[in-house]
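Report on one structure; see the data block that follows.
Chains as they are written, first to last, in my numbering: chain A, 113 to 458; chain B, 177 to 495.
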């Protein structure tokens with residue numbers, strides 16, 4: 113952040129909206145499409161992110177669509193192939209599975225299949241994370257996108273990163289899956305999530321980009337590295353404070369981009385701490401943490417003093433009842449226990 | 177007949193005959209084991225690709241299918257670039273990485289052809305949406321088969337195109353079979369074009385074996401799209417002479433049925449028409465000889481071209 117830059121208090125929803133507004137002002141090829149995103153008297157998409165943009169840019173550039181996920185994503189792909197920069201919204205991240213062909217077979221493969229003759233600069237925004245809504249409005253989907261060559265995966269945890277990464281994603285020449293955690297949006301009034309965390313911070317009012325492919329050390333430590341993204345960053349930080357009271361200093365890395373993956377920065381942390389615990393809201397089996405664990409094991413085995421541990425959601429769909437959701441989600445207590453289990457030996 | 181019209185008709189004939197000659201040649205080479213990879217052939221449907229593409233301008237774009245050779249030729253792709261891709265060689269339009277089902281030549285408006293049935297329908301809609309947003313007088317065409325008419329993408333894509341009134345033309349090539357499954361087993365209504373009414377757009381049925389009829393319907397649909405009148409669904413009734421893909425002898429249909437369709441083969445009929453219009457036989461013979469040379473040259477060129485460097489595997493994952 114430039115020292116003299118004007119900043120403003122923003123929630124995640126406001127920061128995301130600001131990124132889209134600035135991108136649309138700068139570039140007429142940027143447009144938005146999705147369900148309920150621009151309807152007058154409506155709610156600005158599932159989580160208010162696009163509120164007011166239709167009034168500013170008109171309904172042609174803030175395009176309300178039928179409930180047709182395949183057509184939303186497909187139309188975004190087609191528009192991108194002829195030079196537009198669409199930002200498509202799924203009302204809930206889970207709905208992307210209704211348009212999955214357009215993500216995996218179309219958006220991700222077109223540049224490759226055409227030997228570079230077409231580009232697909234699409235951003236697909238997915239609200240993710242469990243929030244007492246049940247299994248079809250809750251899934252964390254990082255692993256699907258990481259597994260698909262050609263996609264980039266952004267998953268910011270705070271308003272500053274959210275704005276800079278969304279702006280960078282819109283400017284990127286590739287399809288970017290942009291994950292937004294429902295409990296971090298900071299919706300207001302009737303749109304406020306009851307269990308949300310809602311980080312608010314000073315965010316520059318101007319345009320800036322946080323390069324995709326970067327991760328960020330959010331707490332330095334020398335004893336163990338905690339890898340977390342989105343909501344889990346906050347839980348990892350809470351766990352780190354408790355661990356500090358026990359004399360264990362955890363380094364917390366915000367895995368704000370999962371593809372491309374910054375292995376070098378991960379390696380640097382690992383060389384210092386020699387222990388890794390991965391904290392993910394994704395299901396355990398084949399989650400993003402599984403890939404990280406495999407890569408770190410292959411590339412940094414001789415720096416490791418203990419097995420890599422994962423604190424993840426169990427292999428069940430996301431449940432709704434409070435007691436079940438608490439059981440399902442990683443929290444500080446589970447993270448502390450996992451860290452303690454890897455602290456012996458060394 | 178004015179000279180311009182004559183030139184146009186001759187060019188349409190040249191394109192149709194090129195598709196037929198090239199596809200027949202591929203079939204023979206396949207039987208000799210000389211064609212690598214897969215093969216989905218277009219013989220019988222030439223009037224559709226050529227009738228539609230000859231109604232387009234150079235800046236208009238088309239989205240094809242797993243059976244794209246005819247569309248590629250009709251939109252102006254070079255045979256060497258198509259053959260090179262079929263043979264998996266560096267001379268192919270995608271450097272050999274994509275194969276028969278994925279032909280691209282953006283320069284001539286051939287967008288990457290799509291081997292997921294129905295998937296290009298929303299994509300073409302999106303491209304047309306872009307043209308509309310930018311105020312460009314361009315048109316996108318989506319080609320697909322009868323099988324695609326039963327996918328969700330067909331419904332979602334056409335409905336979105338209709339409600340946003342974008343400049344796209346949907347061309348259904350009803351060749352009676354989705355792979356081996358006859359249309360009577362997959363669709364309860366007589367005409368796919370009737371579905372257009374459900375989206376509030378015009379639906380047109382044409383004889384897909386008659387290039388002039390296809391061309392006329394395409395001209396009207398393209399003009400409607402270009403002038404802001406929105407999408408049209410054209411259903412062409414046609415037939416594919418070969419199996420669904422390589423190695424499919426087509427035992428699910430009778431020889432009599434094939435005979436009936438071949439009796440209405442679009443090529444000799446159009447040739448007769450040209451002669452009746454006063455185009456002299458010699459001119460056609462000359463065109464045909466040129467096609468023979470071009471096809472043989474394209475095949476020879478592809479067979480002799482080098483394979484891509486293994487390192488090419490890693491290129492074009494990201495832009």
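Ideal Cβ placement from N, Cα and C applies to all residues, glycine included. It should be emphasised that the depicted structure is a prediction, and the values quoted were computed from it without experimental measurement.
Subject >> Length of the line joining the Cα atoms of residue 184 of chain A and residue 162 of chain A >> reply: If I take the Cα positions, the gap works out to 16 Å.
Original post:
Grouping DSSP H, G and I as helix and E and B as strand, with all else coil, what is residue 263 of chain A?
Top reply: Coil.
Original post:
So, does the CB of residue 303 of chain B fall closer than 8 Å to a CB anywhere in chain A?
Top reply: Interface residue, yes.
Subject >> Straight-line gap, residue 435 of chain A to residue 244 of chain A (C-alpha atoms, nearest Å) >> reply: Taking C-alpha positions only, residue 435 of chain A is separated from residue 244 of chain A by approximately 11 Å.
Original post:
According to DSSP, what are the bridge partners of residue 413 of chain B?
Top reply: According to DSSP, which records beta bridges pairwise, residue 413 of chain B is partnered with B:350 and B:383.
Subject >> Cβ neighbour criterion (16 or more within 10 Å) applied to residue 380 of chain B >> reply: By the neighbour-count rule (16 or more Cβ atoms within 10 Å), residue 380 of chain B is buried.
Original post:
Which runs of the beta strand (DSSP E) fall wholly inside the segment 158-234 of chain A and span at least 3 residues, in chain order?
Top reply: Runs of the beta strand (DSSP E) lying entirely within the segment 158-234 of chain A and spanning at least 3 residues, in chain order: 174-176 and 197-201.
Subject >> Contact list for residue 336 of chain B against chain A, beta-carbon separation under 9 Å >> reply: Below the 9 Å Cβ cutoff, chain A contributes 177, 178, 180, 183, 184, 186 and 187 as neighbours of residue 336 of chain B, in chain order.
Subject >> Alpha carbon of residue 357 of chain B to alpha carbon of residue 325 of chain B, nearest angstrom >> reply: The straight-line gap from Cα to Cα measures roughly 14 Å.
**OP:** Determine the extent of the beta strand (DSSP E) in which residue 94 of chain A is found, giving its start and end residues.
**Re:** Outside the shown range of chain A (113 to 458) lies residue 94 of chain A, about which nothing can therefore be said.
**OP:** Locate the alpha helix (DSSP H) running through residue 247 of chain B, then write down its first and last residues.
**Re:** That run of the alpha helix (DSSP H) goes 245-251.
**OP:** Could you check if residue 128 of chain A is buried or exposed, using at least 16 other CB atoms within 10 Å of its CB as the buried criterion?
**Re:** Classification for residue 128 of chain A: buried.
Original post:
Name the chain A residues whose beta carbon is nearer than 7 Å to that of residue 492 of chain B?
Top reply: Residues of chain A passing the Cβ test: 223, 224, 227 and 228.
**OP:** Find the residues of chain B that neighbour residue 323 of chain A, judging by a C-beta separation of less than 8 Å, and give them in chain order.
**Re:** The contact set of residue 323 of chain A on chain B, defined by CB atoms closer than 8 Å, is empty, because the minimum CB distance reaches about 14 Å.
Subject >> Chain-order list of residues whose beta-carbon lies under 7 Å from that of residue 493 of chain B (same chain, five-residue window excluded) >> reply: Around residue 493 of chain B: no qualifying Cβ.
Original post:
Quick one: does the C-beta of residue 423 of chain A sit closer than 7 Å to a heavy atom of the ligand SAM?
Top reply: Among the components of this structure there are no ligands whatsoever, and the ligand SAM is therefore not found.
Subject >> Three-state secondary structure assigned by DSSP to residue 390 of chain B >> reply: When secondary structure is reduced to three states using DSSP, residue 390 of chain B falls in the helix class.
Subject >> Delimiting residues of the beta strand (DSSP E) encompassing residue 293 of chain A >> reply: Secondary structure note for residue 293 of chain A: its beta strand (DSSP E) is the uninterrupted segment 288-293.
Subject >> Other residues of its chain near residue 406 of chain B: CB distance less than 8 Å, five sequence neighbours each side excluded >> reply: Within the same chain, residue 406 of chain B has close Cβ partners 337, 338, 341, 342, 343, 377 and 400.
Original post:
Sorted by chain position, which residues of the same chain lie with C-beta nearer than 7 Å to residue 499 of chain B's C-beta, five sequence neighbours on each side aside?
Top reply: Residue 499 of chain B falls outside the range modelled here, since chain B spans only 177 to 495, and no answer is possible.
Original post:
Taking contact to mean at least 3 C-beta pairs separated by less than 8 Å, is the segment 408-420 of chain A in contact with the segment 367-387 of chain A?
Top reply: Enough Cβ pairs lie closer than 8 Å, so yes.
**OP:** Would you list the one or two residues that DSSP bridges to residue 364 of chain A?
**Re:** A:331 and A:338.
Original post:
Around the C-beta of residue 458 of chain A, are 16 or more other C-beta atoms found within 10 angstroms, so that it is buried, or is it exposed?
Top reply: Caution is warranted here: a pLDDT of 46 is assigned to residue 458 of chain A, below 50, making its placement in the model unreliable, and no coordinate value can be reported.
**OP:** Have a look at residue 176 of chain A and residue 150 of chain A and give me their C-alpha separation to the nearest angstrom.
**Re:** Distance between the alpha carbons of residue 176 of chain A and residue 150 of chain A is about 6 Å.
**OP:** Please check if any C-beta of chain B sits within less than 8 Å of the C-beta of residue 231 of chain A.
**Re:** With respect to chain B, the C-beta atom of residue 231 of chain A has a partner C-beta closer than 8 Å.
**OP:** Please work out which residues of its chain come closer than 7 Å, Cβ to Cβ, to residue 382 of chain A, disregarding the five sequence neighbours upstream and downstream, and give them in chain order.
**Re:** Within the same chain, residue 382 of chain A has close Cβ partners 337, 388, 408, 412 and 415.
**OP:** Taking C-beta pairs closer than 8 Å, name the residues in chain A that residue 235 of chain B reaches, listed in chain order.
**Re:** Under the 8 Å cutoff, chain A gives no residues; its nearest Cβ is about 11 Å from residue 235 of chain B.
**OP:** Keeping to the same chain, check which residues put their C-beta closer than 7 Å to that of residue 305 of chain B; ignore five residues upstream and five downstream.
**Re:** Same-chain partners within the cutoff: 340 and 342.
Original post:
Which of the residues in the segment 139-166 of chain A, read from start to end, lie with their CB under 9 Å from any CB of chain B?
Top reply: So the list reads 140, 141, 143 and 145, given in the order they occur along the chain.
Original post:
DSSP three-state call for residue 475 of chain B: helix, strand or coil?
Top reply: In this structure, residue 475 of chain B counts as helix in the three-state DSSP scheme.
Subject >> Cβ contact (3+ pairs, closer than 8 Å) linking the segment 242-259 of chain B and the segment 272-288 of chain B >> reply: Per the Cβ contact rule, the segment 242-259 of chain B is in contact with the segment 272-288 of chain B (3 or more Cβ pairs under 8 Å).
**OP:** Tell me where the beta strand (DSSP E) around residue 285 of chain B begins and ends.
**Re:** It is not in any beta strand (DSSP E) - residue 285 of chain B carries neither H nor E in the DSSP assignment.
**OP:** Measure from the C-beta of residue 399 of chain B to each C-beta in chain A and report whether the shortest distance is under 8 Å.
**Re:** It does not: the Cβ of residue 399 of chain B has no partner Cβ on chain A nearer than 8 Å.
Subject >> Three-state secondary structure (DSSP) of residue 217 of chain B >> reply: Here residue 217 of chain B sits in coil by DSSP.
Subject >> Cβ-based contacts, 7 Å cut-off: residues of the segment 265-289 of chain B near chain A >> reply: If you check each beta-carbon in the segment 265-289 of chain B against every beta-carbon of chain A, the ones closer than 7 Å belong to 270, 271, 273, 274, 278, 280, 282, 287 and 288.
Subject >> Cut-off 7 Å between Cβ atoms - residues of its own chain near residue 375 of chain A, not counting five sequence neighbours on either side >> reply: In its chain, beyond the 5 residues on either side, 407 and 411 have a beta carbon closer than 7 Å to the beta carbon of residue 375 of chain A.
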